[in-house]
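What follows is a short report on a single structure.
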Amino acid sequence: MLTRKQHQLLMFIQERLQEAGVPPSFDEMKDALDLKSKSGIHRLITALEERGFIRRLPNRARALEILKLPESAVNTAGTSAAVATAASAINAAGSNLGNPVPSPAAMPANDDNPGFASIPVMGRIAAGTPISAIQDNTHMVTVSPEMLGGGEHYALEVKGDSMIEAGILDGDTVVIQKSNTATPGEIVVALIDDEEATLKTFRRQGQEIALEAANPAYETRVFGPDRVDVQGKLVGLIRRYN
Numbered sequence: 013m014l015t016r017k018q019h020q021l022l023m024f025i026q027e028r029l030q031e032a033g034v035p036p037s038f039d040e041m042k043d044a045l046d047l048k049s050k051s052g053i054h055r056l057i058t059a060l061e062e063r064g065f066i067r068r069l070p071n072r073a074r075a076l077e078i079l080k081l082p083e084s085a086v087n088t089a090g091t092s093a094a095v096a097t098a099a100s101a102i103n104a105a106g107s108n109l110g111n112p113v114p115s116p117a118a119m120p121a122n123d124d125n126p127g128f129a130s131i132p133v134m135g136r137i138a139a140g141t142p143i144s145a146i147q148d149n150t151h152m153v154t155v156s157p158e159m160l161g162g163g164e165h166y167a168l169e170v171k172g173d174s175m176i177e178a179g180i181l182d183g184d185t186v187v188i189q190k191s192n193t194a195t196p197g198e199i200v201v202a203l204i205d206d207e208e209a210t211l212k213t214f215r216r217q218g219q220e221i222a223l224e225a226a227n228p229a230y231e232t233r234v235f236g237p238d239r240v241d242v243q244g245k246l247v248g249l250i251r252r253y254n
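The numbering of the sequence shown is the working numbering, which starts it at 13 and goes up by one.
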């Protein structure tokens, strides 16, 4: 699953390929998505590449290959042929916000784990410098039902060390209750500018939102309320010992 900006960029590239046979420039992408700088486009392209939607072709300017489209886009076209058409064009030239939407909230576990529930792992979340949100259902994880409250839940693998003083380490898996609101002091999944996701403590500074690390090496980041979307609240943690 893609964020809104990631989806917009992928479809814009695909449309331009169909119309002109060549991918758009970074400036054209920036203008189409109404971004202030090309660094945001670089992050979006990297995120799409990490998810397997596109591939950058080496040693060729403006060379991108579309490997696949979101299922919704393929279904709308009625066939996956659009992917092949877009890829061929690039080679010749040389949703609403993508919230993590796990479904269902908790599914019955298999017979090997009676009394437990399974929730989807939706990829990685940054507990450090924000990285692009990865919102693909990669696999399932089994958790105790006591860890789950009401509503929908999903899990994310932690990357980084900014929450170590809250007991959240690099490599941990956090269990998140889906929610678009938070109380100050709660640890949340926050989506910044529809592009980057991070795991931080939610605070308020007047009318602004502060995302606070639990590691003195990281500064608290403050944003206007229109730049931050809460995606869920931390309700549990899974740690593996090898």
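Every residue, glycine too, gets a C-beta built ideally from N, C-alpha and C.
These numbers come from a predicted model, not from an experiment.
Beta-carbon separation of residue i and residue j under 8 Å?
i           : j           : result
residue 159 : residue 242 : no
residue 173 : residue 250 : no
residue 186 : residue 137 : yes
residue 153 : residue 133 : yes
residue 245 : residue 198 : yes
residue 177 : residue 17  : no
residue 65  : residue 50  : no
residue 167 : residue 131 : yes
residue 175 : residue 129 : no
residue 200 : residue 190 : no
residue 79  : residue 56  : no
residue 69  : residue 26  : no
residue 202 : residue 210 : yes
residue 215 : residue 237 : no
residue 77  : residue 67  : yes
With 16 as the cutoff for other CB atoms within 10 Å, does residue i come out buried or exposed?
i           : result
residue 28  : buried
residue 123 : For residue 123, the pLDDT reaches just 40, beneath the cut-off of 50, and the residue's location in the model is therefore unreliable, although a value from the coordinates is still provided. So residue 123 counts as exposed.
residue 116 : Unreliable positioning characterises residue 116 in this predicted model, as indicated by a pLDDT of 31, which lies under 50. A coordinate reading is not provided.
residue 151 : exposed
residue 229 : exposed
residue 217 : exposed
residue 165 : buried
residue 252 : exposed
residue 112 : At residue 112 the pLDDT is 36, less than 50, meaning the model places this residue with poor confidence; the figure from the coordinates comes in the next sentence. Counting Cβ neighbours within 10 Å, residue 112 comes out buried, since at least 16 surround it.
residue 110 : Bear in mind that the predicted position of residue 110 carries a pLDDT of just 36, short of 50, making it unreliable; the figure below should be weighed with that in mind. Buried is the call here.
residue 119 : For residue 119, the pLDDT reaches just 36, beneath the cut-off of 50, and the residue's location in the model is therefore unreliable, leaving the point undetermined.
residue 135 : buried
residue 108 : At residue 108 the pLDDT is 30, less than 50, meaning the model places this residue with poor confidence; the figure from the coordinates comes in the next sentence. So residue 108 ends up on the exposed side.
Could you spell out the range, first to last residue, of the alpha helix (DSSP H) harbouring residue i?
i           : result
residue 130 : Where residue 130 is concerned, there is no enclosing alpha helix (DSSP H), although the beta strand (DSSP E) it sits in stretches over 129-138.
residue 61  : 50-62
residue 46  : No alpha helix (DSSP H) holds residue 46; DSSP gives it neither H nor E.
In the DSSP assignment, what residue or residues form a beta bridge with residue i?
i           : result
residue 205 : Partner(s): none; residue 205 has no beta bridge.
residue 217 : 220
residue 242 : 202
residue 169 : 136, 185
residue 78  : 66
residue 249 : 186
residue 211 : 201
Need the endpoints of the beta strand (DSSP E) that residue i sits in, please.
i           : result
residue 152 : 151-155
residue 69  : Here residue 69 belongs to no beta strand (DSSP E), and DSSP marks it neither H nor E.
residue 21  : Unbroken run through residue 21 is the alpha helix (DSSP H), 16-32; no beta strand (DSSP E).
residue 233 : 233-235
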